[in-house]
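In full-length UniProt numbering, the protein residues as written are 1 to 366.
In C-alpha coordinates form, the structure reads like this:
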(Lines of atoms letter the chains of each structure in order from A and count residues from 1; the text may use other names and numbers.)
(Lines give C-alpha, C1' and ligand atoms only; values in the text may rest on other atoms or scores of the structure.)
Protein backbone atom coordinates (compact mmCIF):
# COMPACT_ATOMS: atom_id res chain seq x y z
CA UNK A 1 0.00 0.00 0.00
CA UNK A 2 1.40 3.39 -1.03
CA UNK A 3 2.34 5.61 1.90
CA UNK A 4 0.57 8.96 2.15
CA UNK A 5 2.28 12.32 1.75
CA UNK A 6 4.42 14.02 4.35
CA UNK A 7 2.34 17.06 5.36
CA UNK A 8 4.28 20.23 6.20
CA UNK A 9 3.12 23.64 7.38
CA UNK A 10 6.14 25.92 7.02
CA UNK A 11 9.61 26.24 5.48
CA UNK A 12 11.41 24.44 8.31
CA UNK A 13 9.12 21.42 8.09
CA UNK A 14 9.46 21.34 4.30
CA UNK A 15 13.27 21.48 4.43
CA UNK A 16 13.29 18.74 7.06
CA UNK A 17 11.04 16.52 4.94
CA UNK A 18 13.33 16.94 1.92
CA UNK A 19 16.40 16.20 4.05
CA UNK A 20 14.69 13.07 5.38
CA UNK A 21 14.16 11.79 1.84
CA UNK A 22 10.39 12.19 1.63
CA UNK A 23 9.16 11.33 -1.86
CA UNK A 24 5.78 13.01 -1.57
CA UNK A 25 5.32 16.28 0.28
CA UNK A 26 2.05 18.12 0.74
CA UNK A 27 2.35 21.78 1.75
CA UNK A 28 -0.61 22.84 3.91
CA UNK A 29 0.78 26.08 5.26
CA UNK A 30 -1.59 28.60 6.89
CA UNK A 31 -2.66 31.57 4.79
CA UNK A 32 0.16 34.12 4.48
CA UNK A 33 2.97 31.63 5.22
CA UNK A 34 5.19 31.14 2.14
CA UNK A 35 7.24 28.02 1.44
CA UNK A 36 10.08 28.05 -1.11
CA UNK A 37 10.62 25.00 -3.33
CA UNK A 38 13.90 24.81 -5.26
CA UNK A 39 14.51 21.64 -7.27
CA UNK A 40 14.05 18.84 -4.70
CA UNK A 41 14.97 16.00 -7.05
CA UNK A 42 12.63 13.01 -7.08
CA UNK A 43 10.09 14.71 -4.81
CA UNK A 44 6.42 15.20 -5.69
CA UNK A 45 5.33 18.51 -4.17
CA UNK A 46 1.70 19.46 -3.66
CA UNK A 47 0.25 22.74 -2.42
CA UNK A 48 -3.22 22.43 -0.91
CA UNK A 49 -5.73 24.41 1.11
CA UNK A 50 -4.61 28.04 1.27
CA UNK A 51 -0.91 27.24 1.06
CA UNK A 52 1.46 29.73 -0.60
CA UNK A 53 4.47 28.37 -2.50
CA UNK A 54 7.39 29.93 -4.38
CA UNK A 55 8.95 27.55 -6.94
CA UNK A 56 12.46 28.14 -8.33
CA UNK A 57 15.02 26.48 -10.59
CA UNK A 58 13.52 23.30 -12.07
CA UNK A 59 11.12 22.60 -9.22
CA UNK A 60 7.70 21.12 -10.03
CA UNK A 61 4.57 21.78 -7.98
CA UNK A 62 0.95 20.60 -8.16
CA UNK A 63 -1.51 23.11 -6.67
CA UNK A 64 -5.01 22.30 -5.38
CA UNK A 65 -7.81 23.98 -3.44
CA UNK A 66 -7.13 27.70 -3.04
CA UNK A 67 -3.35 27.31 -3.00
CA UNK A 68 -1.25 30.05 -4.61
CA UNK A 69 2.06 29.47 -6.39
CA UNK A 70 4.70 31.90 -7.66
CA UNK A 71 6.88 30.15 -10.26
CA UNK A 72 10.27 31.40 -11.48
CA UNK A 73 13.20 30.19 -13.59
CA UNK A 74 12.29 26.85 -15.23
CA UNK A 75 9.84 25.72 -12.55
CA UNK A 76 6.72 23.83 -13.67
CA UNK A 77 3.28 23.98 -12.07
CA UNK A 78 0.06 22.00 -12.49
CA UNK A 79 -2.88 23.95 -11.07
CA UNK A 80 -6.32 22.53 -10.23
CA UNK A 81 -9.53 23.58 -8.44
CA UNK A 82 -9.33 27.31 -7.61
CA UNK A 83 -5.55 27.47 -7.30
CA UNK A 84 -3.81 30.64 -8.51
CA UNK A 85 -0.39 30.83 -10.17
CA UNK A 86 1.94 33.70 -11.05
CA UNK A 87 4.59 32.51 -13.53
CA UNK A 88 7.67 34.35 -14.80
CA UNK A 89 11.06 33.56 -16.31
CA UNK A 90 10.72 30.37 -18.37
CA UNK A 91 8.28 28.73 -15.97
CA UNK A 92 5.60 26.45 -17.44
CA UNK A 93 2.06 26.01 -16.13
CA UNK A 94 -0.77 23.59 -16.87
CA UNK A 95 -4.07 24.97 -15.54
CA UNK A 96 -7.29 23.01 -15.07
CA UNK A 97 -10.74 23.41 -13.47
CA UNK A 98 -11.16 27.04 -12.31
CA UNK A 99 -7.47 27.72 -11.73
CA UNK A 100 -6.19 31.22 -12.56
CA UNK A 101 -2.77 32.08 -13.98
CA UNK A 102 -0.82 35.30 -14.52
CA UNK A 103 2.09 34.74 -16.92
CA UNK A 104 5.04 37.08 -17.50
CA UNK A 105 8.40 37.11 -19.32
CA UNK A 106 8.72 33.92 -21.41
CA UNK A 107 6.47 31.76 -19.25
CA UNK A 108 4.28 29.22 -21.07
CA UNK A 109 0.78 28.18 -20.06
CA UNK A 110 -1.57 25.40 -21.17
CA UNK A 111 -5.12 26.17 -20.00
CA UNK A 112 -8.06 23.75 -19.96
CA UNK A 113 -11.60 23.49 -18.58
CA UNK A 114 -12.65 26.88 -17.14
CA UNK A 115 -9.14 28.05 -16.25
CA UNK A 116 -8.40 31.76 -16.72
CA UNK A 117 -5.08 33.25 -17.84
CA UNK A 118 -3.66 36.76 -18.01
CA UNK A 119 -0.57 36.82 -20.23
CA UNK A 120 1.99 39.63 -20.44
CA UNK A 121 5.41 40.32 -21.97
CA UNK A 122 6.37 37.42 -24.28
CA UNK A 123 4.39 34.75 -22.44
CA UNK A 124 2.74 32.04 -24.56
CA UNK A 125 -0.62 30.39 -23.89
CA UNK A 126 -2.39 27.37 -25.35
CA UNK A 127 -6.08 27.47 -24.36
CA UNK A 128 -8.83 24.91 -24.94
CA UNK A 129 -12.12 23.83 -23.41
CA UNK A 130 -13.85 26.89 -21.95
CA UNK A 131 -10.62 28.53 -20.82
CA UNK A 132 -10.45 32.33 -20.95
CA UNK A 133 -7.34 34.35 -21.76
CA UNK A 134 -6.47 38.04 -21.56
CA UNK A 135 -3.33 38.72 -23.59
CA UNK A 136 -1.24 41.89 -23.46
CA UNK A 137 2.12 43.21 -24.67
CA UNK A 138 3.69 40.64 -27.05
CA UNK A 139 2.01 37.59 -25.55
CA UNK A 140 0.95 34.83 -27.97
CA UNK A 141 -2.14 32.66 -27.64
CA UNK A 142 -3.35 29.53 -29.40
CA UNK A 143 -7.07 29.04 -28.68
CA UNK A 144 -9.33 26.12 -29.59
CA UNK A 145 -12.54 24.50 -28.43
CA UNK A 146 -14.78 27.15 -26.84
CA UNK A 147 -11.90 29.16 -25.40
CA UNK A 148 -12.32 32.94 -25.26
CA UNK A 149 -9.52 35.44 -25.73
CA UNK A 150 -9.25 39.18 -25.18
CA UNK A 151 -6.12 40.47 -26.93
CA UNK A 152 -4.59 43.94 -26.83
CA UNK A 153 -1.22 45.61 -27.26
CA UNK A 154 0.82 43.62 -29.78
CA UNK A 155 -0.55 40.25 -28.66
CA UNK A 156 -0.99 37.56 -31.33
CA UNK A 157 -3.76 34.97 -31.35
CA UNK A 158 -4.38 31.82 -33.37
CA UNK A 159 -8.03 30.78 -32.94
CA UNK A 160 -9.77 27.64 -34.18
CA UNK A 161 -12.79 25.50 -33.36
CA UNK A 162 -15.48 27.68 -31.77
CA UNK A 163 -13.02 29.97 -30.02
CA UNK A 164 -13.99 33.63 -29.66
CA UNK A 165 -11.58 36.57 -29.75
CA UNK A 166 -11.88 40.27 -28.98
CA UNK A 167 -8.85 42.07 -30.42
CA UNK A 168 -7.82 45.70 -29.95
CA UNK A 169 -4.70 47.86 -30.10
CA UNK A 170 -2.27 46.34 -32.60
CA UNK A 171 -3.23 42.74 -31.81
CA UNK A 172 -3.13 40.22 -34.65
CA UNK A 173 -5.49 37.26 -35.01
CA UNK A 174 -5.51 34.22 -37.27
CA UNK A 175 -8.98 32.63 -37.15
CA UNK A 176 -10.14 29.35 -38.68
CA UNK A 177 -12.86 26.75 -38.20
CA UNK A 178 -15.94 28.42 -36.70
CA UNK A 179 -13.96 30.93 -34.64
CA UNK A 180 -15.48 34.38 -34.15
CA UNK A 181 -13.50 37.62 -33.88
CA UNK A 182 -14.36 41.19 -32.92
CA UNK A 183 -11.59 43.53 -34.04
CA UNK A 184 -11.08 47.17 -33.05
CA UNK A 185 -8.47 49.92 -33.25
CA UNK A 186 -5.59 48.77 -35.48
CA UNK A 187 -6.08 45.04 -34.91
CA UNK A 188 -5.50 42.75 -37.90
CA UNK A 189 -7.37 39.53 -38.62
CA UNK A 190 -6.80 36.68 -41.06
CA UNK A 191 -10.02 34.63 -41.33
CA UNK A 192 -10.47 31.26 -43.03
CA UNK A 193 -12.79 28.27 -42.89
CA UNK A 194 -16.18 29.47 -41.62
CA UNK A 195 -14.71 32.05 -39.25
CA UNK A 196 -16.74 35.21 -38.70
CA UNK A 197 -15.32 38.68 -38.10
CA UNK A 198 -16.83 41.96 -36.96
CA UNK A 199 -14.32 44.77 -37.58
CA UNK A 200 -14.34 48.50 -36.91
CA UNK A 201 -11.99 51.46 -36.48
CA UNK A 202 -8.81 51.05 -38.52
CA UNK A 203 -8.79 47.25 -38.21
CA UNK A 204 -7.87 45.19 -41.27
CA UNK A 205 -9.21 41.80 -42.33
CA UNK A 206 -8.02 39.13 -44.76
CA UNK A 207 -10.88 36.85 -45.79
CA UNK A 208 -10.35 33.33 -47.15
CA UNK A 209 -12.57 30.31 -47.85
CA UNK A 210 -16.13 30.84 -46.54
CA UNK A 211 -15.25 33.42 -43.92
CA UNK A 212 -17.85 36.12 -43.24
CA UNK A 213 -16.95 39.72 -42.45
CA UNK A 214 -18.99 42.68 -41.22
CA UNK A 215 -16.89 45.82 -41.43
CA UNK A 216 -17.34 49.52 -40.75
CA UNK A 217 -16.66 52.15 -43.41
CA UNK A 218 -12.87 52.55 -42.94
CA UNK A 219 -11.90 48.90 -42.46
CA UNK A 220 -9.73 47.39 -45.22
CA UNK A 221 -11.07 43.98 -46.20
CA UNK A 222 -8.74 41.91 -48.39
CA UNK A 223 -10.84 39.40 -50.32
CA UNK A 224 -9.02 36.15 -51.16
CA UNK A 225 -11.99 33.91 -51.95
CA UNK A 226 -15.12 34.22 -54.06
CA UNK A 227 -17.00 32.25 -51.38
CA UNK A 228 -16.30 34.71 -48.57
CA UNK A 229 -19.20 36.93 -47.52
CA UNK A 230 -18.34 40.61 -47.06
CA UNK A 231 -20.62 43.35 -45.74
CA UNK A 232 -19.21 46.87 -45.64
CA UNK A 233 -15.61 48.00 -45.43
CA UNK A 234 -13.25 48.92 -48.26
CA UNK A 235 -12.87 45.70 -50.26
CA UNK A 236 -9.57 44.97 -52.01
CA UNK A 237 -10.05 42.05 -54.40
CA UNK A 238 -7.10 39.62 -54.61
CA UNK A 239 -8.94 36.79 -56.33
CA UNK A 240 -7.58 37.58 -59.81
CA UNK A 241 -3.86 37.52 -58.89
CA UNK A 242 -1.83 34.66 -60.46
CA UNK A 243 0.15 33.59 -57.41
CA UNK A 244 1.51 30.48 -59.12
CA UNK A 245 4.03 32.68 -60.99
CA UNK A 246 7.16 33.17 -58.87
CA UNK A 247 7.81 36.76 -59.98
CA UNK A 248 4.19 37.78 -59.42
CA UNK A 249 4.15 36.02 -56.04
CA UNK A 250 7.31 37.78 -54.85
CA UNK A 251 6.01 41.18 -55.91
CA UNK A 252 2.54 40.55 -54.51
CA UNK A 253 3.93 39.53 -51.11
CA UNK A 254 6.44 42.38 -50.96
CA UNK A 255 9.43 40.06 -50.69
CA UNK A 256 12.80 41.83 -50.64
CA UNK A 257 14.96 40.65 -53.56
CA UNK A 258 18.55 41.77 -54.20
CA UNK A 259 20.87 40.31 -56.86
CA UNK A 260 18.68 37.24 -57.23
CA UNK A 261 18.52 36.55 -53.47
CA UNK A 262 15.18 36.78 -51.64
CA UNK A 263 14.60 37.30 -47.90
CA UNK A 264 12.37 34.78 -46.13
CA UNK A 265 11.70 33.76 -42.53
CA UNK A 266 11.60 30.49 -40.62
CA UNK A 267 10.17 29.65 -37.19
CA UNK A 268 12.42 27.20 -35.32
CA UNK A 269 12.63 25.72 -31.83
CA UNK A 270 15.05 26.79 -29.10
CA UNK A 271 17.76 24.58 -30.70
CA UNK A 272 17.22 26.25 -34.11
CA UNK A 273 15.48 23.17 -35.51
CA UNK A 274 12.46 22.82 -37.78
CA UNK A 275 10.83 19.98 -39.68
CA UNK A 276 9.39 18.32 -36.56
CA UNK A 277 7.42 15.28 -37.69
CA UNK A 278 9.19 15.26 -41.07
CA UNK A 279 12.95 15.60 -41.51
CA UNK A 280 14.30 17.39 -38.44
CA UNK A 281 16.64 20.07 -39.77
CA UNK A 282 18.96 22.43 -37.88
CA UNK A 283 19.43 26.01 -39.12
CA UNK A 284 22.76 27.26 -37.65
CA UNK A 285 23.11 31.05 -37.91
CA UNK A 286 25.65 32.05 -40.56
CA UNK A 287 25.66 28.68 -42.29
CA UNK A 288 24.13 27.22 -45.46
CA UNK A 289 21.42 24.58 -45.09
CA UNK A 290 20.59 22.14 -47.89
CA UNK A 291 17.58 19.82 -48.17
CA UNK A 292 18.57 16.14 -48.39
CA UNK A 293 15.31 15.23 -50.19
CA UNK A 294 14.97 18.05 -52.73
CA UNK A 295 12.33 17.61 -55.43
CA UNK A 296 10.84 20.69 -57.15
CA UNK A 297 7.38 19.10 -57.36
CA UNK A 298 4.72 21.65 -56.40
CA UNK A 299 3.56 20.17 -53.10
CA UNK A 300 4.69 20.26 -49.47
CA UNK A 301 7.72 18.25 -48.47
CA UNK A 302 10.82 17.45 -50.52
CA UNK A 303 12.72 20.61 -49.63
CA UNK A 304 13.13 23.48 -47.18
CA UNK A 305 10.16 25.76 -46.54
CA UNK A 306 9.80 29.39 -45.44
CA UNK A 307 7.44 32.36 -45.56
CA UNK A 308 7.71 36.07 -46.23
CA UNK A 309 6.75 37.00 -42.66
CA UNK A 310 8.01 35.73 -39.27
CA UNK A 311 4.48 35.59 -37.85
CA UNK A 312 3.22 33.52 -40.77
CA UNK A 313 6.17 31.15 -40.39
CA UNK A 314 4.97 30.39 -36.85
CA UNK A 315 1.74 28.92 -38.25
CA UNK A 316 3.88 26.17 -39.85
CA UNK A 317 5.95 25.54 -36.71
CA UNK A 318 5.36 22.02 -35.33
CA UNK A 319 7.79 21.90 -32.40
CA UNK A 320 6.66 20.73 -28.96
CA UNK A 321 8.01 23.86 -27.27
CA UNK A 322 5.64 26.79 -28.02
CA UNK A 323 8.48 29.29 -27.51
CA UNK A 324 9.71 29.34 -31.09
CA UNK A 325 12.46 31.57 -32.47
CA UNK A 326 12.54 33.33 -35.85
CA UNK A 327 15.33 33.26 -38.42
CA UNK A 328 15.99 35.41 -41.48
CA UNK A 329 17.00 33.35 -44.52
CA UNK A 330 18.69 34.34 -47.78
CA UNK A 331 17.25 32.20 -50.58
CA UNK A 332 18.14 32.13 -54.32
CA UNK A 333 15.11 33.09 -56.44
CA UNK A 334 16.15 30.60 -59.11
CA UNK A 335 14.50 27.28 -58.32
CA UNK A 336 11.86 28.68 -55.92
CA UNK A 337 8.60 26.73 -55.79
CA UNK A 338 5.47 28.61 -54.69
CA UNK A 339 3.15 26.78 -52.26
CA UNK A 340 0.21 29.10 -51.54
CA UNK A 341 1.50 31.47 -48.81
CA UNK A 342 4.96 29.89 -48.48
CA UNK A 343 7.78 28.74 -50.73
CA UNK A 344 10.12 25.78 -50.85
CA UNK A 345 13.69 25.63 -52.07
CA UNK A 346 16.78 23.43 -52.11
CA UNK A 347 19.12 25.51 -49.96
CA UNK A 348 19.45 28.78 -48.06
CA UNK A 349 21.84 30.79 -45.91
CA UNK A 350 20.75 31.55 -42.34
CA UNK A 351 21.41 35.28 -41.94
CA UNK A 352 20.42 36.01 -38.32
CA UNK A 353 17.80 35.68 -35.62
CA UNK A 354 14.99 38.24 -35.72
CA UNK A 355 11.99 39.36 -33.71
CA UNK A 356 8.38 38.63 -34.67
CA UNK A 357 8.43 41.95 -36.55
CA UNK A 358 11.44 40.87 -38.65
CA UNK A 359 13.76 43.35 -36.92
CA UNK A 360 17.19 41.94 -35.88
CA UNK A 361 17.23 40.50 -32.38
CA UNK A 362 19.33 42.69 -30.08
CA UNK A 363 22.59 40.93 -29.25
CA UNK A 364 21.94 38.21 -31.82
CA UNK A 365 24.19 37.16 -34.67
CA UNK A 366 24.10 39.72 -37.51
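Note that CB positions come from ideal geometry on N, CA and C, so glycine has one too.
Cutoff 6 Å; reference residue i; Cβ partners in own chain excluding five residues on either side
i           : result
residue 235 : 221, 223
residue 177 : 160, 161, 193
residue 62  : 46, 78
residue 165 : 149, 157, 159, 173, 181
residue 210 : 194, 227
residue 121 : 104, 105, 137
residue 86  : 70, 102
residue 50  : 31, 66
residue 208 : 192, 224, 225
residue 146 : 130, 162
residue 253 : 308
residue 271 : none
Within 8 Å, strictly: CB atoms of residue i and residue j
i           : j           : result
residue 331 : residue 306 : yes
residue 58  : residue 71  : no
residue 34  : residue 54  : yes
residue 318 : residue 345 : no
residue 108 : residue 134 : no
residue 274 : residue 265 : no
residue 68  : residue 83  : yes
residue 153 : residue 127 : no
residue 111 : residue 95  : yes
residue 183 : residue 203 : yes
Simplified DSSP state of residue i, which is helix, strand or coil
i           : result
residue 303 : coil
residue 264 : strand
residue 237 : strand
residue 280 : coil
residue 34  : strand
residue 18  : helix
residue 328 : strand
residue 251 : helix
residue 11  : helix
residue 46  : strand
residue 313 : helix
residue 117 : strand
residue 53  : strand
residue 246 : helix
residue 148 : strand
Neighbour-count burial assignment, residue i, 16 or more Cβ in a 10 Å radius
i           : result
residue 26  : buried
residue 218 : exposed
residue 259 : exposed
residue 206 : buried
residue 326 : buried
residue 311 : buried
residue 6   : buried
Residues near residue i in its chain [Cβ-Cβ closer than 7 Å; skip 5 each side]
i          : result
residue 10 : 29, 33, 35
Close beta carbons around residue i, own chain, < 8 Å, minus the five adjacent residues each side
i           : result
residue 239 : 223, 224, 225, 226
residue 300 : 339, 344
Nearest-angstrom beta carbon gap, residue j and residue i [assumed within contact, 8 Å]
i           : j           : result
residue 199 : residue 216 : 7 Å
Residue-level contact to chain C via CB, residue i, 8 Å cutoff
i           : result
residue 253 : In summary, chain C is missing from the structure at hand, where a single protein chain is found.
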